[in-house]
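**Student:** Sequence positions in the sequence shown follow my numbering and run 1 to 139. Cβ coordinates follow ideal geometry from the N, Cα and C atoms, glycine included. Note that the structure is predicted; figures quoted are calculated from it, not measured. Have a look at the structure that comes next, please.
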Amino acid sequence: MSDFVGAAGALDRAAGLEKAARARSGWYARYLWIFATGQLVLVPVALLWHGLASALVFASVNTLMVTGLSVYAARQRVVRRGFGLKHGLLIGSWAAVFGLVVALGTTVFVDDVAFTIAATLGCALPPALGAWFEGRGTA
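Structure, rendered in structure tokens:
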């Protein structure tokens, strides 16, 4: 009987930890909204602005954003079960879109403002959708 009580207690503690993780995981939605917003600056800089100044601004803004978000993420005490896989898939999908956008924007659609607008929205979409689903608690 004591094994059953011990197991039930362990399950109750695990359920409590999962509930706490869900309650405190709003930080990830904020992280993703900031990342999505960053795309509104980074993609046009990458596609429309050329030369050394463009490279320096792009590298500086990207470095500041990634460093800030990484420090913010590392300071969080709670992550939900499956977070690593979900985050990896989300960032991987963004990276695939961003890579395609840069490849097409620097070869086929050079200095094309309409393409840049669509590409900017396309690059912001994966983190924005992730943030929206995370905020709704369905991620």
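1. For S141, which residues from the same chain have a beta carbon less than 7 Å from its beta carbon, with the 5 sequence-adjacent residues on both sides left out?
2. Please state the DSSP three-state secondary structure of R81.
3. Among A74, L47 and V113, which one has its Cα closest to the Cα of T106?
4. Would you decide whether A8 is buried or exposed? Buried here means 16 or more other CB atoms lie within 10 Å of its CB.
5. Answer yes or no: do A29 and E134 have a C-beta to C-beta separation smaller than 8 Å?
6. Let's see if you can read the secondary structure: which residues bound the alpha helix (DSSP H) around R136?
7. Taking the continuous alpha helix (DSSP H) assigned at Q76, which residues delimit it?
8. Just curious, the alpha helix (DSSP H) that G51 is in, first and last residue?
9. For G130, count the other beta carbons within 10 Å of its own beta carbon; 16 or more makes it buried, fewer makes it exposed. Which is it?
**Tutor:** According to the data block:
1. The requested residue 141 is not part of the displayed model; the chain covers only 1 to 139.
2. coil
3. L47
4. exposed
5. yes
6. V113 to R136
7. That residue, Q76, is in no alpha helix (DSSP H); it is neither H nor E in DSSP.
8. Premise fails: G51 is in no alpha helix (DSSP H) and is neither H nor E.
9. buried
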